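Position in the sequence shown (from 1) plus 121 gives the number in our numbering.
By construction, the Cβ of each residue, glycine as well, lies at the ideal position given by its N, Cα and C atoms.
No experiment lies behind these values; they were computed from the predicted model shown.
Below is one structure, written out as C-alpha cells; the observations come after it.
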Amino acid sequence: MTRSVFRFLSRQPETPELVNATHRLRLPRYDDFEQWHELRRDSRAFLQPWEPTWRADDLTERAFRSRVVRNGQEFHSGLAVPFLLFGGPDEVLLGGLTIGLIRRGASQSCMIGYWMGERHAGKGHMFAALRLAIPYIFGVLELHRIEATCIPENEKSIRLLEGVGFEREGLLRQYLKINGQWRDHTMLSLLSDRASGNGKKENS
Numbered sequence: 122m123t124r125s126v127f128r129f130l131s132r133q134p135e136t137p138e139l140v141n142a143t144h145r146l147r148l149p150r151y152d153d154f155e156q157w158h159e160l161r162r163d164s165r166a167f168l169q170p171w172e173p174t175w176r177a178d179d180l181t182e183r184a185f186r187s188r189v190v191r192n193g194q195e196f197h198s199g200l201a202v203p204f205l206l207f208g209g210p211d212e213v214l215l216g217g218l219t220i221g222l223i224r225r226g227a228s229q230s231c232m233i234g235y236w237m238g239e240r241h242a243g244k245g246h247m248f249a250a251l252r253l254a255i256p257y258i259f260g261v262l263e264l265h266r267i268e269a270t271c272i273p274e275n276e277k278s279i280r281l282l283e284g285v286g287f288e289r290e291g292l293l294r295q296y297l298k299i300n301g302q303w304r305d306h307t308m309l310s311l312l313s314d315r316a317s318g319n320g321k322k323e324n325s
C-alpha cells in the first residue's frame, strides 16, 4: 500500500458524509434497504437501459446487505467511495454516486458513476451531488483526474457532466456490457487544474 493511500485512510472519518443545505452523500447502511428497494424497484424500466443486466436476486435484502458490507470494505481499502444520495429534511433517497476504481501511484485518478431514481430525475439532484463530490475527490482524496463514461445516446448524462466541467475525450468501443449488450461509451474527464466552482445548472 502506497504512502498516498495511508494518507487517504488517515484523513477519512468512519462514515464520510458530504453535505450542503439540500443534499447529503453518505455510505449505505443496512437500514437504507426499504428506501433503496422501493426506489430501485419502481425505477427498473427507467434504469435498465443504462446499467448491466440485473441479477435475479438483485433487489433482495440479502443482496443489499452483502452490498453494504462490500461497499464498506472498498472504502476502507481505499478502492472506492460508494455513496447514496439523500435530499430534503426527511432524508429521502434520490439515487447513488460512486467514486470507483481509485488508482494511486502515477495515475492519481478515479472513475465516477451514478444513478437516479425515476421520480427524482430532471430536478437538478445529481448536479448538486457532483458539485459535492468533485471538491471531495480533488481536495480530500487528492486525486488529479476524474473519468466518466456514458453510452453516446445518453445525452442527458453527457450534458450533466459537461455542465460541471467534464470534457469529451473520445469513444471506447464495446467498453461495457450494458443491458445484455456490449456498448460503445463516450469517455469524459475532469482534471484538478481545470475544475472550478462554477457550473450551469442541469436538470439531472
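Checklist entry - Residues in its own chain within less than 7 Å of Gly208 by CB, not counting five upstream and five downstream? => result Thr143, His144, Leu215, His246
Item to check | Beta-carbon contacts of Pro173 that lie in its chain and below 8 Å, excluding the five residues immediately before and after | outcome: Leu297, Lys298, Ile299, Asn300
Checklist entry - Which two residues bound the contiguous beta strand (DSSP E) that contains Gln169? => result Gln169 -> no beta strand (DSSP E), and no H or E assigned at all.
Item to check | Alpha-carbon to alpha-carbon, Arg188 and Glu195 | outcome: 10 Å
Checklist entry - What residues in its chain sit with their C-beta under 8 Å from that of Arg266, if we drop five residues either side in the sequence? => result Ser228, Gln229, Ser230, Cys231, Ser310, Leu311, Leu312, Ser313
Checklist entry - Can you tell me whether DSSP reads Gln229 as helix, strand or coil? => result Taken through DSSP and simplified to helix, strand or coil, Gln229 comes out as coil.
Item to check | 9 Å Cβ cutoff met for Phe167 and Glu239 | outcome: yes
Checklist entry - Could you give the residue range of the alpha helix (DSSP H) that holds Ala242? => result Element bounds for Ala242: n/a, residue is neither H nor E.
Next on the checklist: Using a Cβ-Cβ cutoff of less than 8 Å, which residues in the same chain neighbour Gly193 once the five nearest sequence positions on both sides are dropped?
Outcome noted: Leu148
Item to check | With 16 other Cβ atoms within 10 Å as the buried cut-off, status of Thr270 | outcome: Classification of Thr270: buried, given that the 10 Å Cβ count is 16 or more.
Item to check | Simplified DSSP assignment, three categories, for Ile255 | outcome: helix
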